[in-house]
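Read the structure below first, then the notes.
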Amino acid sequence: LRRVSLAHICAAREGEHYTVVPASSIEEAVPTRVSQTTITSVQRDEQRLIAAAKAGNHDAYGQLLARHQAVAFRAAYLITGSAAEAEEATQEACVKAWLALGRFRSGAPFRPWLVRIAINEAHNRRRSAGRQAGLALRVGSQQAQAGSAPSAETEALAGEERARLASAVGQLREDDQLVIAARYFLGLSETESATALGLRRGTVKSRLARALGRLQTQLEAMR
Amino acid sequence: VIGDLEPGLVALGAALETPPAPDVVPEVIARLPRRRSRRGRPTRRALAIALAALLLLAGAAMAVPSTRDAILRVLGLRGVMIERVTHLPHVAPGAGARLGLGARTPLVRARHAASFTALLPPHASAAYLGHDVPGGRISLLIGKVLIIEFRGTMTPFIFKFIGPGTTSRQVRVNGGPGLYLSGAAHEVAFQRGGVVQVDRIRLAGNVLIWQQGPLTLRIEGTRTLAQALAIARSLQ
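Heads up: the protein sequence lines correspond to chains A and B, in order.
Going by the working numbering, 79 is the number at position 79 of the first sequence; the sequence numbering is gapless.
Going by the working numbering, 1177 is the number at position 177 of the second sequence; the sequence numbering is gapless.
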């Protein structure tokens, strides 16, 4: 069983099906072949919005952005490390995406495409500002998982572990950081990560494996 | 390795401090042009059409003198409209002194004085903040060289009229598209409140204009393109 985000479900590809189970009964969204209605309707709705936006409908484009602007902003923030610059990058990416909608392939998911543009914008801004490469990985205070009540010691240990992991990720080269961020911090699928990073799916797979290997080595060196 | 690290990375992703995502939709929608090209690639197509028109009209202007005044050659960068005309409008003596750069602002505050992050040269002598363009306009002086920065919009803010003696050359500046106007002086007018302010029209020397990310920048007053590019590259 695998926990997945709602955003992940919204961007599910054809053939991926999920059943959303109430948190009161089980806290996992379980991949299954049972519930196809929600996914296909979400996909259909998104494709309808894309088609309308391509035809020049601003409202439809606004609805599309409302669904995906948060992940684009998060991607931009990870790269710029500045809320103001991330907002500007996101806004610029959304405008550029509109201008490039004519080249957008019908049936393709919109989210990773927008994220890719946002990543490019964020990179440009960071380069213009002369800042060094590397993602902004600031670990906040831990939030307890729903339904669990970890002790203060457990919380502290988990917090330390995350800080150590963030530090290790931060010492990787940026290509490695980006592929890790796409998969685990932005919640993109392998295919989406490939689109967002402008890579082939196979390249994402191999790069991620190498990045995790280097991360493991880094963590061992930090012990 | 993946199996061991994956849960920790997912948890790290959830614990990373990220500011709340702002709602950029209203501002984005406000910036969208009302009509998009049906066939896509509007920016490149628009540029190609503008360039084609530039060449075509250049020939036409030379061939048909009676229509010269009516012919405009238009090439747009974001927030900048450049029109080539055969006769420059009259400029009152001393108009160049009224630069209308806005209020002087301390150099240390120039970077964040407007709604965008301004790019600064290493050794500016003065900075000004103007509010006559959405998001503000930052002007920087390095001796007699003037740098102007503002957030590029689809609505032209700077209007330039260039005569037959001025040459325009397409260049790439810091990865963005740009134009270098050189030769004879040309005229510059700024927009305020949705209208072109004729009283602020002035003659300008060689000018480099380019887009960099969301910004449109111009450098005025350099002797050569190389000098302008060196200043552009020094902006951080």
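Glycine included, each C-beta is placed from N, C-alpha and C at the ideal position.
Test: T191 of chain A CB closer than 8 angstroms to a CB of chain B:
For T191 of chain A, the answer is no, since every Cβ of chain B falls outside 8 angstroms of its Cβ.
Between the stretch 105 to 117 of chain A and the stretch 184 to 197 of chain A, are three or more C-beta pairs nearer than 8 angstroms?
Three or more beta-carbon pairs separated by less than 8 angstroms link the stretch 105 to 117 of chain A to the stretch 184 to 197 of chain A, which places the two stretches in contact.
Cβ distance (whole Å) where R1137 of chain B is taken to contact G1102 of chain B below 8 angstroms:
Here R1137 of chain B really is in contact with G1102 of chain B; their C-beta atoms are around 7 angstroms apart, less than 8 angstroms.
Report yes if the C-beta distance between G1178 of chain B and L1140 of chain B is below 8 angstroms; otherwise report no.
No, these two residues do not count as a Cβ contact at 8 angstroms.
Less than 8 angstroms between the beta carbons of A136 of chain A and A72 of chain A, yes or no?
No. Outside cutoff.
Taking Cβ positions, are Y77 of chain A and T1018 of chain B nearer each other than 8 angstroms?
When the beta-carbon positions are compared, Y77 of chain A and T1018 of chain B come within less than 8 angstroms of each other.
At a Cβ threshold of 8 angstroms, is E1027 of chain B touching chain A?
Output row for E1027 of chain B: interface = yes.
Tell me whether E220 of chain A is buried or exposed, calling it buried when 16 or more other Cβ atoms sit within 10 Å of its Cβ.
Taking a 10 Å sphere around the C-beta of E220 of chain A, we find fewer than 16 other C-beta atoms and assign the residue as exposed.
With the cut-off set at 8 angstroms, would you say G1013 of chain B and E121 of chain A are in Cβ contact?
No, they are not a contact pair.
Under three-state DSSP, which class holds S988 of chain B?
Chain B is shown only over 1001 to 1236; residue 988 of chain B falls outside these bounds and no answer can be derived.
With DSSP as the reference, label L172 of chain A as helix, strand or coil.
Secondary structure of L172 of chain A (DSSP, three-state): coil.
With L1119 of chain B and Q1236 of chain B assumed to form a contact (beta carbons below 8 angstroms), what rounded beta-carbon distance in angstroms separates them?
Right, their Cβ atoms sit about 6 angstroms apart.
According to a CB-to-CB cut-off of less than 7 angstroms, which residues of the stretch 1209 to 1221 of chain B neighbour chain A?
Considering only beta carbons, the part of the stretch 1209 to 1221 of chain B lying closer than 7 angstroms to chain A consists of Q1212, G1213 and P1214, in chain order.
Counting only Cβ pairs nearer than 8 angstroms, list the residues of chain A close to V1024 of chain B.
Residues of chain A with a Cβ closer than 8 angstroms to the Cβ of V1024 of chain B are, in chain order, L65, Q69, F73, E87, T90, Q91 and C94.
Can you find a C-beta in chain A that's less than 8 angstroms from the C-beta of L1120 of chain B?
Output row for L1120 of chain B: interface = no.
Local Cβ density within 10 Å of E85 of chain A, reported as buried at 16 or more and exposed below that
In summary, E85 of chain A is buried, with 16 or more beta-carbon neighbours lying within 10 Å of its beta-carbon over all protein chains present.
Partners in chain A for T1018 of chain B, counting only beta-carbon separations shorter than 7 angstroms
Here the neighbours are R74 and Y77.
Hey, A51 of chain A and R116 of chain A: beta-carbon distance below 8 angstroms or not?
The beta carbons of A51 of chain A and R116 of chain A sit no closer together than 8 angstroms.
Using C-beta distances below 7 angstroms, list every residue in its chain close to P1122 of chain B, excluding the 5 sequence neighbours before and after it, in chain order.
Residues of the same chain with a CB within less than 7 angstroms of the CB of P1122 of chain B, apart from the 5 flanking positions on each side, are S1234 in chain order.
Note the first and the last residue of the continuous alpha helix (DSSP H) segment covering V204 of chain A.
V204 of chain A -> alpha helix (DSSP H) spans R201 to M222.
Using a C-beta cutoff of 8 angstroms, does Q47 of chain A count as contacting chain B?
It does not; no Cβ of chain B falls within 8 angstroms.
Could you tell me whether the Cβ of A118 of chain A comes closer than 8 angstroms to any Cβ of chain B?
No, A118 of chain A lies away from the interface with chain B (no Cβ there is under 8 angstroms from its Cβ).
Residues in the same chain with beta-carbon distance under 7 angstroms from Y61 of chain A, minus the five sequence neighbours each way, listed in chain order, please.
Taking Y61 of chain A as the centre and dropping the five residues before and after it, the same chain places the C-beta of A53 and W98 closer than 7 angstroms to its C-beta, in chain order.
So, are the CB atoms of V179 of chain A and V139 of chain A less than 8 angstroms apart?
Result no, Cβ atoms of V179 of chain A and V139 of chain A do not sit closer than 8 angstroms.
Secondary structure at Q1227 of chain B, three-state DSSP: helix, strand or coil?
Correct three-state label for Q1227 of chain B: helix.
Do C94 of chain A and L65 of chain A have their beta-carbon atoms positioned less than 8 angstroms apart in this structure?
Taking a C-beta distance under 8 angstroms as the contact criterion, L65 of chain A and C94 of chain A qualify as a contact pair.
Identify which residue in A:A182, A:M222 and A:E87 has its Cα closest to the Cα of E1006 of chain B.
For the residues A:A182, A:M222 and A:E87, the minimum Cα distance to E1006 of chain B belongs to A:A182.
Which chain A residues are close to F1116 of chain B, counting only those with a beta carbon under 8 angstroms from its beta carbon?
Around F1116 of chain B, the beta-carbon contacts reaching into chain A at under 8 angstroms are E88.
Cross-chain neighbours of G1008 of chain B in chain A, by beta carbon under 8 angstroms:
Chain A residues near G1008 of chain B: E161, R162 and L165.
DSSP-derived helix/strand/coil call for L49 of chain A
L49 of chain A sits in a helix when the DSSP states are folded into three classes.
Helix, strand or coil at Q1236 of chain B according to DSSP, with G and I counted as helix:
Three-state result, Q1236 of chain B: coil.
E1017 of chain B (DSSP reduced to helix, strand or coil)
Secondary structure of E1017 of chain B (DSSP, three-state): coil.
Is I1219 of chain B closer than 8 angstroms to A1226 of chain B when the C-beta atoms are compared?
The answer is no: Cβ separation not under 8 angstroms.
Extent of the continuous alpha helix (DSSP H) to which G62 of chain A belongs
G62 of chain A: member of the alpha helix (DSSP H) spanning H58 to T80, first to last residue.
Taking only the alpha-carbon atoms, compute the straight-line gap between I1142 of chain B and G1175 of chain B and give it to the nearest angstrom.
Straight-line Cα distance between these residues: approximately 23 angstroms.
Just list the residues that DSSP pairs A1127 of chain B with in beta bridges.
Note: A1127 of chain B is bridge-paired with B:T1105 and B:L1140 in the DSSP secondary-structure output.
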